[in-house]
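Chains as they are written, first to last, in this note's numbering: chain A, 308 to 451; chain B, 57 to 602.
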């Protein structure tokens, strides 16, 4: 119910404001309903690889140089190129692979919805709460 | 407020204040400008220069990374590969550090509005290319891990190479923009420096010129009037008192000039006054000299009259003195004549009784005649004595200046004063042993007569005159003291002045004491008086023995 209300309000605000809000989504199997910024960054840098229930964290990235992507990383305090460096270093030191980067937001929605422990981001307007659960809405203003 | 009216010190202060103000203005201006230049140089050193260095580091880092990647393809052995991957990891860190630094610098510069839009756009492009290259690198390493070495090499040389070239080009563009902006800032700084230098030079020149002008003005304000004053003072020193100094202004020199003018005026007036007074004095002197001549003439006449009067008195006295014996002689001659008549009568008588009687008578007549003769002789002697005294007094028959016994003079004077004196005044003589002294006896006698006459005049009825003489050292002293009425103290000081008049019943010898004083002075002696009213007067004459 809460989720429905959130999504509803979310859709309303999306319609009301021009710059798209960014929604952080996760597979419904993840044991959390919300996520803090620092935790989110830890997921994306690969510093945290497991959820609380020892399920592997599957990070999903967006490939194109889009406004949503830029805003998401800016919210994390890292530019996307810097995230690439972090992943490059992880890879060179053998600590892990970079997240899979998908070409479209629909692909992201689909991938997160169908992968256990997956987490990703996309425009709030494109969220389908039937497939995924929303962990965080990044307000348009906070992303600036 | 006129500049001339300022005090010298204030003039100097004003002059130096102007100089200091101009210099201070120049300094403040140059300091301000230096601050601007400093800011412009700081712009270069703290904005473009660090960014340029960082960009250069990024360039070096990325090039090194790409070389390592190329080498990585041909890596053999796990250890070498591990070393290279570690090195590449460090390079990525380094590049990220530099990018962070650039971001920081960019934000700092943007805050100062010193970050151009062009550079921002170029940096975004660089950042995008860097991300793209990193994506490709990730893909490259993925392929390498998967063992797809040929595809990895193709990717690195193909698509990644192109992206890297693009990245390098963008980076070079960034360097160029940065250099251009830095060069512009440096050019601005240089321009500011040049303009400031020109202004400061001008101000320096102005300051120097102004200083010189002020010094000249000050010197003129001081030295020119001083020189004028000096010349004027020189003129005054040469005796030209008509000098006036024309110096306006109310400063010290102006005041000095006014004082100087007042001084010369005062000097001129004083000199004129002195000259007039000298002329007047000369006239007065001439008049005085004439008066003196007249006075001396009248004094001489007066003295002459005095002498004549004294002589007359003396003659009267002497006539009186002589008259007595002459009367005696005349009377005796008459008696003698009658005695002779008697004898003729005796001789004509006849008869013895008559003769006898005549004999007795003639004896009587002879006795009378004998007495008569004695009287006549005495009278004659008396006359002879008087004549002798007169002679002695006047010393008519002797040389004027000679050795004399003063006692003789005193005695002659006493004799000449005669019976009139002796009847009512007791003369007491107390003569000491005196040597004869060289003097004008006639004149000294005049003094004695004067003093004795004065003494007898001072004694109204009866009294004493005491004459005392003694020698003391080289001087002889003659005191003539009377018991007369005395002289009041207020008259003592003018006693020996010419024309003194004692007053009283007999007015005489008005010039006597003055004459006496003159005579004693002539003998290098001294005459003093001591008197008490009602008790008497003592005159003391002191004469040198010589």
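Here a beta-carbon is modelled for each residue, glycine too, at the ideal position from N, C-alpha and C.
Source: prediction; values computed, not measured.
8 Å Cβ cut-off: residues of chain A touching residue i
i, result
"residue 183/B", "386, 388"
"residue 152/B", "389, 392"
"residue 197/B", "395, 398, 399"
Reference residue i, options the options, closest by Cα
i, options, result
"residue 358/A", "346/A, 369/A, 373/A", "346/A"
"residue 512/B", "527/B, 486/B, 542/B", "542/B"
"residue 435/B", "579/B, 181/B, 385/B", "385/B"
"residue 426/B", "263/B, 490/B, 395/B, 333/B", "395/B"
"residue 537/B", "180/B, 574/B, 428/B, 596/B", "596/B"
"residue 322/B", "292/B, 349/B, 233/B", "292/B"
"residue 186/B", "74/B, 207/B, 225/B", "225/B"
"residue 413/A", "434/A, 396/A, 422/A, 399/A", "434/A"
"residue 432/A", "444/A, 421/A, 426/A, 422/A", "444/A"
"residue 241/B", "393/B, 370/B, 233/B, 97/B", "97/B"
"residue 27/B", "193/B, 68/B, 102/B, 201/B", "Outside the shown range of chain B (57 to 602) lies residue 27/B, about which nothing can therefore be said."
Which of helix, strand or coil DSSP assigns to residue i
i, result
"residue 231/B", "helix"
"residue 645/B", "Outside the modelled stretch of chain B, which goes from 57 to 602, sits residue 645/B, for which no answer is possible."
"residue 20/B", "Residue 20/B lies beyond the range of chain B shown here (57 to 602); nothing can be said about it."
"residue 524/B", "strand"
"residue 430/A", "strand"
"residue 552/B", "coil"
"residue 490/B", "coil"
"residue 587/B", "strand"
"residue 435/A", "coil"
"residue 543/B", "coil"
"residue 595/B", "strand"
"residue 558/B", "For residue 558/B, the pLDDT reaches just 46, beneath the cut-off of 50, and the residue's location in the model is therefore unreliable, leaving the point undetermined."
"residue 339/A", "coil"
"residue 465/B", "helix"
"residue 600/B", "strand"
"residue 565/B", "Low local confidence applies: a pLDDT of 41 at residue 565/B is under 50, so the model's placement there is unreliable, with the coordinate-based value given in what follows. Three-state result, residue 565/B: coil."
"residue 423/A", "coil"
"residue 333/A", "strand"
"residue 445/A", "strand"
"residue 89/B", "helix"
"residue 576/B", "helix"
"residue 515/B", "coil"
"residue 459/B", "strand"
"residue 435/B", "helix"
"residue 353/B", "helix"
Rounded C-alpha distance that separates residue i from residue j
i, j, result
"residue 197/B", "residue 367/A", "19 Å"
"residue 260/B", "residue 79/B", "8 Å"
"residue 42/B", "residue 404/A", "Residue numbering for chain B in the displayed model covers 57 to 602; residue 42/B lies beyond these limits and cannot be assessed."
"residue 594/B", "residue 587/B", "6 Å"
"residue 532/B", "residue 503/B", "15 Å"
"residue 94/B", "residue 273/B", "40 Å"
"residue 339/B", "residue 296/B", "27 Å"
"residue 158/B", "residue 351/A", "24 Å"
"residue 341/A", "residue 331/A", "9 Å"
"residue 507/B", "residue 463/B", "15 Å"
"residue 583/B", "residue 501/B", "15 Å"
"residue 138/B", "residue 424/A", "32 Å"
"residue 70/B", "residue 109/B", "55 Å"
"residue 563/B", "residue 491/B", "Only weak support is given to the placement of residue 563/B: the predicted model assigns it a pLDDT of 36, under 50, and the question is left unresolved by the model."
"residue 599/B", "residue 378/B", "34 Å"
"residue 188/B", "residue 219/B", "7 Å"
"residue 335/A", "residue 374/A", "26 Å"
"residue 556/B", "residue 548/B", "Legend: pLDDT at residue 556/B = 44, less than 50; position of this residue unreliable, no value from coordinates given."
"residue 105/B", "residue 112/B", "10 Å"
"residue 320/B", "residue 310/B", "15 Å"
"residue 381/A", "residue 420/A", "25 Å"
"residue 145/B", "residue 257/B", "58 Å"
"residue 494/B", "residue 421/B", "55 Å"
"residue 85/B", "residue 176/B", "36 Å"
Within chain A, the residues that residue i reaches when beta carbons sit closer than 7 Å
i, result
"residue 191/B", "391"
"residue 148/B", "392, 395, 396"
"residue 145/B", "396, 399, 400"
Contact list for residue i against chain B, beta-carbon separation under 9 Å
i, result
"residue 372/A", "184, 187, 188"
Interface residues of chain D facing residue i [CB-CB closer than 8 Å]
i, result
"residue 180/B", "Of the protein chains in the structure, A and B, none is chain D."
Residues that residue i contacts on chain B, provided the C-beta gap is smaller than 7 Å
i, result
"residue 405/A", "194"
Contacts of residue i in chain A (Cβ-Cβ under 9 Å)
i, result
"residue 223/B", "Result: empty, since nearest Cβ-Cβ is about 11 Å, beyond 9 Å."
Exercise. May I have a chain-ordered list of the beta strand (DSSP E) segments no shorter than 3 residues that lie completely inside the region 352–420 of chain A?
Key: You should have 365–369, 407–409.
Quiz item: Unbroken beta strand (DSSP E) runs of length 3 or more, entirely within the region 269–324 of chain B: which are they?
Solution: Fully enclosed beta strand (DSSP E) runs of 3 or longer: not present.
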